[in-house]
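The block underneath contains the structure these notes are about, expressed in structure tokens.
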Amino acid sequence: MADLHVIDHPIVVSNLTEMRDGATPSSLFRKRLRTITHFLAYEATEDLPIAYKEVETPVTTTALPVLSDMPISIVSILRAGIGMVDGMLDVLPDAGVGFIGMKRDEETLKPNEYYVNLPVDIAKSKVFVVDPMLATGGSAIDAIAKVKAAGATDITMICLLAAPQGVEAMADVYPEIDIYTAALDETLNEKGYIVPGLGDAGDRIFNNL
2 MADLHVIDHP IVVSNLTEMR DGATPSSLFR KRLRTITHFL AYEATEDLPI
52 AYKEVETPVT TTALPVLSDM PISIVSILRA GIGMVDGMLD VLPDAGVGFI
102 GMKRDEETLK PNEYYVNLPV DIAKSKVFVV DPMLATGGSA IDAIAKVKAA
152 GATDITMICL LAAPQGVEAM ADVYPEIDIY TAALDETLNE KGYIVPGLGD
202 AGDRIFNNL
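Counting the sequence shown from 1 gives a position; this note's numbering is that position plus 1.
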């Protein structure tokens with residue numbers, strides 16, 4: 002069974018409170034999202050494989066740990082997932098980046114796919130799927146299906162906020178996939194928004210209010 006990892010570090014929760022505030026401008030919202038993404042990425046990459054290389058320090062030559070050469074891919078669920086890509090690349094600068102476009106039908110709350118562009122080596126990669134909101138879980142489940150269809154087997158979900166309904170839906174379909182988030186909120190409202198949440202993450206990132 003996959004694990005839910007809630008990263009409740011003091012800096013994370015403080016930044017998240019600013020993001021929840023409806024008066025926070027998009028410029029600050031984006032900065033806080035990038036900061037929180039760093040923390041989520043650090044935690045989600047804890048088990049990346051390590052290799053050793055010979056390094057000549059000013060004192061001696063010794064074998065020291067470095068990341069192995071296993072490819073890493075970041076897959077952003079559009080559009081809001083774009084807001085997490087730079088934070089992920091700050092931690093994983095050599096990662097490939099892919100995009101899956103999903104637009105939610107406001108009547109059915111179901112995602113409709115409109116774009117897919119994945120890294121060429123994704124089948125061999127450790128894959129991090131990123132989207133600020135894990136609400137109903139529909140977009141994440143569909144995006145992961147695309148990633149799996151491309152051959153990937155080692156997949157982790159990273160989100161800013163999660164609702165219990167989305168976590169449960171993910172666990173039902175992909176029980177092997179771990180989820181990293183800054184908060185597990187209370188529920189969803191009738192429009193499928195996370196409560197207390199922070200509103201529409203895409204609108205707040207791109208100042209489309």
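Cβ atoms here follow ideal geometry from the backbone N, Cα and C, with glycine treated the same way.
Since this is a predicted model, take the numbers as computed values, not measurements.
Throw me the rounded Cβ distance for the residue i and residue j pair, which I believe falls under 8 Å.
i: Met89; j: Val131; result: 6 Å
i: Met85; j: Pro133; result: 6 Å
i: Phe100; j: Tyr116; result: 6 Å
Span of the alpha helix (DSSP H) holding residue i?
i: His39; result: Ser27 to Ala45
How far does the beta strand (DSSP E) with residue i in it reach, from first residue to last?
i: Glu114; result: Pro112 to Asn118
i: Ile8; result: Unbroken run through Ile8: none, as it is neither H nor E.
i: Leu65; result: Thr62 to Leu68
i: Gly97; result: Gly97 to Arg105
i: Glu55; result: Ile51 to Glu57
i: Val130; result: Lys127 to Val131
Is it right to say residue i is buried, meaning 16 or more other beta carbons lie within 10 angstroms of its own, or is it exposed?
i: Thr62; result: exposed
i: Ala183; result: buried
i: Asp186; result: buried
i: Leu68; result: exposed
i: Leu199; result: buried
Can you name, in chain order, every residue of its own chain whose Cβ lies under 8 Å from the Cβ of residue i, other than the five neighbours on each side?
i: Ser126; result: Met71, Pro72, Ile73, Ser74, Gly97, Pro120, Ala153 and Asp155
i: Glu169; result: Gly138
Give me, in chain order, the residues of the same chain whose beta-carbon lies closer than 6 Å to that of residue i; leave out the 5 immediate sequence neighbours on both sides.
i: Ala42; result: Met89 and Val92
Note to self: When you compare the region 89-108 with the region 72-81, are there three or more beta-carbon pairs, one atom per stretch, that lie closer than 8 Å?
What the structure shows: For the pair of segments examined, the region 89-108 was found to touch the region 72-81: the number of CB pairs separated by less than 8 Å reaches three.
Next item on the list: Could you tell me whether the region 138-151 touches the region 20-27, where touching means 3 or more Cβ pairs closer than 8 Å?
Entry: No: fewer than three Cβ pairs fall under 8 Å.
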